[in-house]
Every structure is written in C-alpha cells, then in structure tokens.
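Here is the structure we will look at, set down as structure tokens.
Number of protein chains: 2
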Amino acid sequence: MIIDCHGHYTTAPKALEALRNRQIAGIKDPAQAPKVAELKISDDELRESIEANQLRLMRERGCDLTIFSPRASFMAHHIGDFAISSAWASICNELCHRVSKLFPDNFIGAAMLPQSPGVDPKTCIPELDRCIRDYGFVAINLNPDPSGGHWTSPPLTDRCWYPIYEKMVEWDIPAMVHVSTSCNACFHTTGAHYINADTTAVMQFIQGDLFKDFPSLRFVVPHGGGAAPYHWGRYRGLAQELKKPLLTEQLLKNVFFDTCVYHQPGVDLLTKVIPVDNILFASEMIGAVRGIDPETGFNYDDAKRYIEASTQLSADEKHAIYEGNARRVYPRLDAALKAQRR
Amino acid sequence: MIIDCHGHYTTAPKALEALRNRQIAGIKDPAQAPKVAELKISDDELRESIEANQLRLMRERGCDLTIFSPRASFMAHHIGDFAISSAWASICNELCHRVSKLFPDNFIGAAMLPQSPGVDPKTCIPELDRCIRDYGFVAINLNPDPSGGHWTSPPLTDRCWYPIYEKMVEWDIPAMVHVSTSCNACFHTTGAHYINADTTAVMQFIQGDLFKDFPSLRFVVPHGGGAAPYHWGRYRGLAQELKKPLLTEQLLKNVFFDTCVYHQPGVDLLTKVIPVDNILFASEMIGAVRGIDPETGFNYDDAKRYIEASTQLSADEKHAIYEGNARRVYPRLDAALKAQRR
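As given, the protein sequences belong to chains D and L, one line each in that order. One point on numbering: in my numbering, the residue at position 198 of the first sequence is 198, and numbering is uninterrupted. One point on numbering: in my numbering, the residue at position 14 of the second sequence is 14, and numbering is uninterrupted.
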C-alpha cells in the first residue's frame, strides 16, 4: 500500500475561490461579506475535481491513499483577523472532509488551522478538535509564520504553541509544518518561503528543548526537510556546538521528512543521510511543480519514481517509506485503515 | 593551487569587538562613542591571530590562498544607521587589508559594505571603490537583508541594487551573497538565516531578469547554494512554470555555488547536480561549525577532504573547483596572482 502523506486540495471548484475573494472584499466592505451557507458545491463537482486530477494521477502513478489537507498557499493566515481565518479554515476543512467521505479508500483529512498573526495559537483548538473528532482527520498543518513571510511569531519551541502540542499529544496526531503564501516580495512562495520554513523549523527544533517537554510529539517537515538533509553535516555540527545530543536523539525521535524532492539525486541524498524510519512518502501532488521534467520525460512531482529507482533502498525500506512509517507517525490513520481491514 | 573563496576574519583581536561594543553603546550615549583612531591593533597581534588560526589550518589542510572578508555575523548591518555601518565597515575592511599585506601569498581581501536598512545601496559605493582601488580587494559581500532577518529590502533583482551592480561590472568583481546576524528569534543565524538567504537569493535570480540587464554580473551563493542543489528538480520545474529559460541559461551563466557543505553526501550531491564550472572551493573556516565530526574524525569544515574523496570528480574537475573557476569568477584575483607569478 502506498500512502502519500502530503496532498492539498489545489483543484477545488472555482466557487471556493470566488467565496474567498468575497470574504476578503468583505474585510473592507462588510456588505460584500458572504454567508458561509452561500457556498454551494455539489458532491458531483467535488467528485469531478478529484477524479480528473488527484485521483487520476494517483491511479496512474500507483498511489493508494493521500492525506489530504486544504490548499496550503490559500490558507493565507495573514489575511484578516481570527474570525476571517476561522470561517475560512472551517469551509476548507469541510471540503476535505467531504472528499474523504466521497472517496474513503483514497483520501483522509488533515486540518488547516484558523491561525492569525499575533493571535494566541490556542484559539485554533476548537477547529482542531472538530476536525479530529467529527471528521476523522488524522493530522494538522501548523504554520510557523502566519504573517506570510514576515516571521513575526515566536519559534515553534516557544510556550505559546504548547496548547496546540498538548492537543496533538491528546489526540495522538502529528503536525506537518507548512507555511502559506508569502506576502514578502523577497520570498517566492514555493521556491523560497516553503523551503526556508522547513529549514527554519528544523533548526528551531535543534536549538530548543521542545521534545523534553513533549517526548511523543511528532512533526513532519515537508519538502524533504528543506535544506536540512543536504546540510546534515552542518546541522550535526551545530547541534554539537550547542551542546545538544546527537540529532538521532535530539531531532529524529520526533521529526520526520517527506519525499517531496523532485529529482533523483535529491531523493538519493535524503535516503542516504536520513534514517529510513524518518522518511515518509509524499508528492504534494497537484502542487507547485506540475510540469514534465525534460531530463526524464516524467512529471517532476511523480515522487514514487525516485523511490522506485533508488538503488540504495531495500524492498523493506521502500515499504517503510511508503506505508509503515506513515502508520506509525499517524496512528489515527493506521486505526482508520484497520477499521477498513487494510 | 588551492583557493578558498570564502573565509572571514572571525579571529580578529579582541580590541576590535571592544571598539564595536563602544560604538554600539555610543548610538544611545554619544559620550561613549569611540574615535576610530583609538583602535590600536599591532601587526604582531594581527599576525598572531592569523598564524595561530586560519593560516595554521590552511597549512594543515593544504590550502594556499583565502579570499578574506570581515566576519559575516559581525557585519550586523541592522545596528545603527549608515554612519555607524560606514565607520564599522571601514575598520573591518582595513583589518582584512592589513592581513592581506602581512600575508600576501595567503590572503586577498573581499569587502563588506556599509549597508543599512532602508538606506539606498548606492551609499555603499565609496567604500566599495576604496576597497577595490586602494586595497586591491577582488570581491564584495552583498547582504540581501541588512535588517537582519526581517527581510525589509527589495529582492536582489530590484533596481535599487543596480548602482552596486554597475560598479561590480565596472571593476569586474563578483559579489558573494551573504547575510549577517539574525535578530529575528525565528532564525538561528548560521543554521537558518544563512541557508535561507542563499535559497532565497537563488529563487530571486530565477524569478527576475537581472542577467538580461547585466550579462556579465556574477554572484557566488555560499553554503553550497543553500537548499538549491538539493531541490534542483524543484528549481528547474519552477523556472519552467515561470516560462524562464533552462537554469543553465537563466542562472548558471552568472551564479556560482561554493563548497561549504560539511559532509560527503552533500558535497557529492552538489558536484553531481551543479556543473563543475559553477562550483568554487570554500570552507568558511574558521566559521560556524568548528567541531570534529565523530563520524569521520575530522573537522566538519575541512571541506577539501570531501572534494578529495569524491569519486565523481576527475583531476581536471577538482582543479577547476580548487583554482580554475576562482580565477575566472574573480578576474582581479587572477591578475593579482599573475603579478605574483602564480
């Protein structure tokens, strides 16, 4: 079984974007603000948006199940206030839930949170609880920079985040560290901000003592862990300078990297440097890099090909990356699969 | 001959730091502000600080010449105003110049600029000119984020930077893209901010059209190009999405990566993915990662070992990385070496 732990609903029907645009317009002009009930998207529209896109590619590429969350770049937590983020998160999470009900064999949800810059993260807990309890979601996406490229929140090791972590422990769910759109002109959203956020989070976890307080807390750092595996010697050396334990102790009991690295040498480095138990299969399909690589003739984000082509990984190791690790890191996913006799 | 294109004067005599501390105190209390002439560092002190440190390690490791610039984390362009940065840059550059005069076979200078957040970059030109003309420096370090982790300046492709680029073309010098200390708690200076800045700069160059305006402009992106080589498929794919030429055209005629990647798999990825002509030997020694790697028994930043151990590189390719490329990217270095009959 092949589990893609990192998929976003990037192909939602256009009505969603139209509603969001009216919501944004409503920040300045409340007369334009839509009511949530005005969003009408039929099951057929949802089915079509998925069958023609993610599900088609999953079938073509041989992926069974995607952990599916709202479109990351559209979370845009920097827009409006908590009420705006709250309404938006609720809508987006519900759509992912509906997709998971329409395609229970192929999709299971992960929640976006109604984060808002400067607002206490604990305000996100009701939506988090709702998504896990009522929707059967198995994870959350946590944005370390709700400001969208200005990095005005404290590091992820700061105590202000602890209420979220307590809930993660209580529900036994991991968080994927995932920023949203950059509104800082310095940072291209998917080419700089995403990767920088991954690198930044890894270094915050190395610097801090978060996992002393939460020994069972688990984070997935997407996009292959940002720059961290490529600079693994630097990170080992910096941990040493900071008098921290080895990264196998300080980091890798709690932090996992996905395989969203879109070329063979990158995936080979990842699987060479990072223990197999810390690598989760993912493609972030359909996402930032949709084209066909002229050097291979295949889509850049057809991540399974790189795992398949690896000469470093045994069959057991590939199985761990494809399925075993995900069942361990996402216990509620494992439970849901077992309930389906999978 | 082995040229290290990335060394900082991290071991300057303590009198320098003491002066800087008084300069910073003088921002609030002008009575404490020192006169530049109060800084007394003898040639013997300079010699000792170099011979016991950088030069000792260069000899031990087999490096002939270091392109030497002021300590990057101490540039701290965010402190004070242009006058503060200007006095500080002038002092630091002069010390590097004195080192290069004391050890003309082993060190040649690269300038820090008196950047200051929100101040027009063209104000840096007198110091730039002075360092190239009077000190024989062969390059500059350009900080894309003088705010120190708040990223308040426009991208490097913005026209506000063009006066610097015109000077770089006129003098035929490259710039190393190098940030300084992070004063944003999210970003560890050497573990996140440095690497993020490298990644960010690469993506800015991919997004922009800077090299259409300056076909001969050259940048060295340090720390192995940040995350870029590891995510080379992503960057090729993003360039494709942006309808840009192939990265070999769009980026690699003007942008070079150093070898400050502190483990063998990272260096192997770099040399596999990036054309050899775009790779410059560097160690950033003595810098962020000073310890001994328990996995190898050698210093993390003994970068030459990774090049030597590479099974991918021919002798000619190693020569290009060690010397040939640096002579091409830094023509004034080549001229200085030829004047020394090297």
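Think of the CB as a built atom: it goes at the ideal place given N, C-alpha and C, for glycine as much as any other residue. Because the structure is a prediction, the values reported are computed rather than measured.
Cβ neighbours of residue i in the same chain (closer than 6 Å, five flanking residues each side left out)
i: I164/L; result: P121
i: A282/D; result: D4, C5, H6, D258, T259, C260
8 Å Cβ cutoff, residue i in contact with chain D
i: V289/L; result: yes
i: C183/L; result: no
i: Q115/L; result: no
i: M203/L; result: yes
i: D293/L; result: yes
i: N196/L; result: yes
i: A87/L; result: no
i: A72/L; result: no
i: V273/L; result: yes
i: L57/L; result: no
i: A192/L; result: yes
i: T10/L; result: no
Cβ neighbours of residue i in the same chain (closer than 7 Å, five flanking residues each side left out)
i: I79/D; result: I24
i: R47/L; result: L102
i: F137/L; result: G109, A110, A111, C131
i: S116/D; result: H77, D81, F82, S85, P146
i: S310/D; result: V267, D268, T271
i: P154/L; result: C160
i: F389/L; result: Any property of residue 389/L remains undetermined from this structure, which presents chain L solely from 1 to 342.
i: E308/D; result: none
i: C124/D; result: L113, P114, Q115, I164
CB contact below 8 Å: residue i versus chain L
i: Q207/D; result: yes
i: D124/D; result: According to the sequence displayed, residue 124/D carries Cys and not Asp. Chain L contact via Cβ: absent.
i: C92/D; result: no
i: Y300/D; result: yes
i: F187/D; result: yes
i: T66/D; result: no
i: L269/D; result: yes
Residue i to residue j span [Cα, whole Å]
i: S90/D; j: E284/D; result: 22 Å
i: Q207/L; j: K253/L; result: 15 Å
i: D43/D; j: V202/D; result: 39 Å
i: E45/D; j: A37/D; result: 17 Å
i: D29/L; j: T157/D; result: 36 Å
i: D198/D; j: R341/L; result: 47 Å
i: K272/L; j: M1/L; result: 23 Å
i: V169/D; j: P222/D; result: 20 Å
i: H263/L; j: G62/L; result: 18 Å
i: A52/L; j: V179/L; result: 27 Å
i: D209/D; j: M176/D; result: 19 Å
i: I321/D; j: D277/D; result: 7 Å
i: L242/L; j: Y235/L; result: 10 Å
i: P144/D; j: W151/D; result: 8 Å
i: T10/L; j: M75/L; result: 11 Å
i: M58/D; j: R332/D; result: 22 Å
i: N299/L; j: I292/L; result: 4 Å
i: I41/L; j: N141/L; result: 24 Å
i: S100/D; j: D64/D; result: 13 Å
i: P265/L; j: F219/L; result: 25 Å
i: R98/D; j: Y135/D; result: 9 Å
i: T362/L; j: H231/D; result: In the structure as shown, chain L begins at 1 and stops at 342. Residue 362/L is therefore absent and cannot be evaluated.
Three-state secondary structure assigned by DSSP to residue i
i: Y9/L; result: strand
i: D4/D; result: strand
i: F281/D; result: coil
i: D64/L; result: coil
i: A110/L; result: coil
i: D258/D; result: strand
i: L142/L; result: strand
i: N299/L; result: strand
i: I292/D; result: strand
i: V119/D; result: coil
i: V99/D; result: helix
i: S73/D; result: helix
i: F219/D; result: strand
Cut-off 8 Å between Cβ atoms - residues of its own chain near residue i, not counting five sequence neighbours on either side
i: Y330/D; result: C5, I67, V138, A139, I173, P174
i: L270/D; result: G224, G225, P229, F257, T259, V261, I279
i: S360/L; result: The question about residue 360/L has no answer, for chain L in this structure spans 1 to 342.
Subject >> Near-chain D residues of the region 151-179 of chain L (beta-carbon distance less than 7 Å), N- to C-terminal order >> reply: Those would be W151, P154, P155, in chain order.
Original post:
Of all the residues that make up the region 247-266 of chain L, which are near chain D by a beta-carbon distance shorter than 9 Å?
Top reply: Within the region 247-266 of chain L, the qualifying residues are C260, V261, Y262, H263, Q264, P265, G266.
Original post:
Given a limit of 8 Å on CB to CB distance, which residues of the region 210-241 of chain L reach chain D?
Top reply: Along the region 210-241 of chain L, going in chain order, the ones with a CB nearer than 8 Å to a CB of chain D are H223, G224, G226, A227, P229, Y230, H231, W232, G233, R234, Y235, R236, G237, L238, Q240, E241.
Original post:
Taking Cβ-Cβ distances below 7 Å as the criterion, which residues of the region 307-336 of chain D are in contact with chain L?
Top reply: Contact annotation: in the region 307-336 of chain D, no residue has its CB less than 7 Å from a CB in chain L.
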